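*Asks:*
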């Protein structure tokens, strides 16, 4: 049997935990992680190098959602850039998937790097594992990527360049530059 690239370790989580409660958590490795905090209805997705410390910080920052579980995704491949990339992908895909109400205020950080194709090939495996653990309801994330809900909805955010282009278009439309063409 082939070993899995990703480990998804689930811990019970409570806003009542102290930092020492989180320090007892043992993970398969100490690389960057992506995590999903959830309460059965709402979920928050993040990435960090220090999952127990970040879990404690969430007891202060996001106590209003009363999260019950923290699913921590680890891998020997996980480095900061990959974790940020997967965080962003999971936020956007899981919003459309709809199993959880994703409460993240942002869609993650922009990531630019050379090995993006290599990382995206591994994402298939991660999504399959999330489906096995019933953390997503759509079996194929490619189905979500091809859906109109994903492509044309507020679940996706514009890049900086797209925002600048749209702003320019709106400014042109609101200016005198759009006056009808007159022949001289």
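Numbering (the numbering used here), first residue to last: 10 to 193.
Note that beta-carbon positions come from the ideal geometry of N, C-alpha and C, so glycine has one too.
As the structure is a prediction and not an experimental result, all values here were calculated from the model.
1. Could you give the residue range of the alpha helix (DSSP H) that holds residue 95?
2. So is residue 97 buried or exposed if we call it buried at 16+ other beta carbons inside 10 Å?
3. Terminal residues of the continuous beta strand (DSSP E) containing residue 78?
4. Report yes if the C-beta distance between residue 80 and residue 45 is below 9 Å; otherwise report no.
5. Can you give me the C-alpha to C-alpha distance between residue 141 and residue 157, rounded to a whole angstrom?
6. Going by beta carbon distance, what residues of the same chain come within less than 6 Å of residue 34, once the five residues before and after it are set aside?
7. Pull up the CB-CB distance for residue 14 and residue 134, whole angstroms please, since I reckon it's below 8 Å.
8. Identify the continuous alpha helix (DSSP H) that holds residue 16 and give its terminal residues.
9. For residue 139, which residues in the same chain have their Cβ closer than 6 Å to its Cβ, ignoring the five residues on either side in sequence?
10. Tell me the residue span of the alpha helix (DSSP H) that contains residue 32.
11. If I measure Cβ to Cβ from residue 202 and keep anything under 8 Å in the same chain, skipping five residues before and after, which residues do I get?
12. Straight-line CA distance for residue 36 to residue 174?
13. With respect to the alpha helix (DSSP H) encompassing residue 154, which residues constitute its N-terminal and C-terminal limits?
14. So, are the CB atoms of residue 56 and residue 41 less than 9 Å apart?
15. Whole angstroms is fine: what's the gap from residue 10's alpha carbon to residue 17's?
16. Would you identify the three-state DSSP class for residue 46, choosing helix, strand or coil?
17. I believe residue 22 touches residue 76 by the beta-carbon criterion, under 8 Å. Please report the beta-carbon distance rounded to the nearest angstrom.
18. With a cut-off of 8 Å on the beta carbons, I'd call residue 102 and residue 131 a contact; round off their distance for me.
*Replies:* On the basis of the supplied data:
1. In the chain shown, counting from the first residue as 1, residue 95 sits at position 86. If you look at residue 95, you'll find it in the alpha helix (DSSP H) that goes 89-106.
2. The residue labelled residue 97 in the question sits at position 88 within the chain shown. Classified as buried, residue 97 has 16 or more neighbouring CB atoms from the shown chains inside 10 Å of its CB.
3. To locate residue 78, count along the chain shown from 1; it is residue 69. Counted as a single uninterrupted DSSP element, the beta strand (DSSP E) harbouring residue 78 occupies residues 78-83.
4. The count along the chain shown starts at 1 and reaches residue 80 at position 71. The count along the chain shown starts at 1 and reaches residue 45 at position 36. Yes; because the gap between Cβ atoms is below 9 Å, this pair is in contact.
5. Residue numbering aside, residue 141 sits at position 132 when the chain shown is read from its first letter. Residue numbering aside, residue 157 sits at position 148 when the chain shown is read from its first letter. Roughly 25 Å between the two C-alpha positions.
6. Numbered from 1 along the chain shown, position 25 holds the residue referred to as residue 34. Within the same chain, and ignoring the five residues on either side of residue 34 in sequence, the residues whose Cβ sits closer than 6 Å to its Cβ are 20, 61.
7. The residue labelled residue 14 in the question sits at position 5 within the chain shown. The residue labelled residue 134 in the question sits at position 125 within the chain shown. Between residue 134 and residue 14 the Cβ distance is about 5 Å, and since that is below 8 Å, they are a contact.
8. Taking the first residue of the chain shown as position 1, residue 16 is located at position 7. Run containing residue 16: none in the alpha helix (DSSP H); it sits in the beta strand (DSSP E), 16-21.
9. Counted from its first residue, the chain shown places residue 139 at position 130. Excluding sequence neighbours, residue 139 sits near 145.
10. Locating residue 32 in the chain shown gives position 23, where the first residue counts as 1. For residue 32, the enclosing alpha helix (DSSP H) stretches over residues 28-32.
11. Nothing about residue 202 can be reported from this structure: the residues present for the chain run from 10 to 193 only.
12. The sequence position of residue 36 within the chain shown is 27, counting from 1. The sequence position of residue 174 within the chain shown is 165, counting from 1. The alpha-carbon atoms of residue 36 and residue 174 are separated by roughly 44 Å.
13. The residue given as residue 154 occupies position 145 in the chain shown. Counting along the chain, the alpha helix (DSSP H) containing residue 154 begins and ends at 150-154.
14. Numbered from 1 along the chain shown, position 47 holds the residue referred to as residue 56. Numbered from 1 along the chain shown, position 32 holds the residue referred to as residue 41. Taking 9 Å as the Cβ cut-off, residue 56 and residue 41 qualify as a contacting pair.
15. Counting from one through the chain shown, the residue named residue 10 turns up at place 1. Counting from one through the chain shown, the residue named residue 17 turns up at place 8. Note on residue 10: pLDDT 49, under 50, position unreliable in the model; the coordinate value appears next. Using only the alpha carbons, I get a separation of about 18 Å.
16. As a working note, residue 46 is residue 37 in the chain shown. Note: residue 46 maps to strand in three-state DSSP.
17. Locating residue 22 in the chain shown gives position 13, where the first residue counts as 1. Locating residue 76 in the chain shown gives position 67, where the first residue counts as 1. Between residue 76 and residue 22 the Cβ distance is about 5 Å, and since that is below 8 Å, they are a contact.
18. If you number the chain shown from 1, residue 102 lands on position 93. If you number the chain shown from 1, residue 131 lands on position 122. About 15 Å separates the two Cβ atoms, so there is no contact after all.
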